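Per this note's numbering, the very first residue in the sequence shown carries number 22; after that it's consecutive. Let me begin by presenting the structure, written as C-alpha cells, before commenting on it.
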Amino acid sequence: MFSNEAGLGSAPIAAAAAKTDHPSRQGYINMTGTFFDTLVICTLTGLAIAASGMLGQAAPDGRALSGAALTIAAFETGMGGLGRLVVTVSVALFAFSTLLGWEYYGEKCLEYLCGGSRLNAAYRAVYAVMIFLGALIAMDAVWYLSDTVNGLMAFPNLICLLVLSGVAARECDDFERRFVRAKRHKRGGA
Numbered sequence: 022m023f024s025n026e027a028g029l030g031s032a033p034i035a036a037a038a039a040k041t042d043h044p045s046r047q048g049y050i051n052m053t054g055t056f057f058d059t060l061v062i063c064t065l066t067g068l069a070i071a072a073s074g075m076l077g078q079a080a081p082d083g084r085a086l087s088g089a090a091l092t093i094a095a096f097e098t099g100m101g102g103l104g105r106l107v108v109t110v111s112v113a114l115f116a117f118s119t120l121l122g123w124e125y126y127g128e129k130c131l132e133y134l135c136g137g138s139r140l141n142a143a144y145r146a147v148y149a150v151m152i153f154l155g156a157l158i159a160m161d162a163v164w165y166l167s168d169t170v171n172g173l174m175a176f177p178n179l180i181c182l183l184v185l186s187g188v189a190a191r192e193c194d195d196f197e198r199r200f201v202r203a204k205r206h207k208r209g210g211a
C-alpha cells in the first residue's frame with residue numbers, strides 16, 4: 022500500500038483539486054502514477070536487488086539486510102558509492118513529499134468533516150509533533166501503527182469503491198463517448 026496507495030483513497034484527495042474538463046481524465050492521469058511507481062520503479066528496484074546478489078546477505082549486526090539498507094547495498098554493488106547517494110536522495114525526497122502529501126490529505130479531510138478550515142492550525146501543530154515523535158520511537162512501531170491506521174482507512178474506502186463502481190463506470194463510458202471516440206472520429210478512425 023505504501024508504494025502507490027491503490028485502494029486507500031488518499032490520492033483522490035489531491036486529484037480532486039485538479040482543474041479538468043472530466044473527472045475520468047483525472048482518474049486516468051492518477052492511474053499512471055500507480056503504473057510508474059509499481060511496475061517501473063518497484064520492478065527495477067527488485068531486479069537491482071535480485072541481480073546484485075545482496076538478497077539474504079547479512080548486515081554488520083548479523084541480521085539479514087532489508088529495506089533501505091538492502092536497496093543501498095544492491096545499488097552500491099552496481100554503482101559503487103554513487104549507489105548509496107542515489108538511494109539516500111531518493112528516500113529523502115520520498116519521505117519529504119510523503120510528509121507534505123499526508124499533511125494536505127489530513128487538512129482536506131478535517132475541512133470536509135468539520136466544515137471550513139478553522140482547525141487547520143491545530144492540526145498542523147499536532148502533525149508536527151507526530152513527525153517529531155515518529156523520529157524518536159522504534160521504526161517497527163511506526164510501521165505497525167501506520168499499517169493499522171491505513172488498513173482502517175482502506176476498509177471503508179474499498180466498500181465505497183464497490184458501492185460507487187456503477188457511477189465510476191458511467192463516468193468512464195461518458196468520457197470514452199465524449200472525448201476518445203470524438204477524437205478518433207476527427208482523425209478519421211473507427
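We put the CB at the ideal spot given by N, CA and C, even for glycine. The structure displayed is predicted, hence computed values, not measured ones.
Here the alpha carbons of F117 and T41 stand approximately 27 Å from one another. For A85, no alpha helix (DSSP H) run applies, since DSSP gives it neither H nor E. Looking at the backbone, the Cα of A203 and that of F196 are separated by about 10 Å. Between T59 and A27, the CB-CB gap stays under 9 Å.
At a Cβ-Cβ threshold of 9 Å, S138 and G99 do not count as neighbours. Membership of R105 in the alpha helix (DSSP H) is indicated by the continuous run 102-135. Burial is judged here by how many other beta carbons sit within 10 angstroms of a residue's own beta carbon; S31 has at least 16 and is buried. According to DSSP, residue pairing for A79 in a beta bridge involves A85.
Pairing T53 with A69 gives a Cβ-Cβ distance that is not under 9 Å. In this structure, A85 sits near A79, with a CB-CB distance shorter than 9 Å. Here N25 carries a coil assignment [DSSP, helix/strand/coil].
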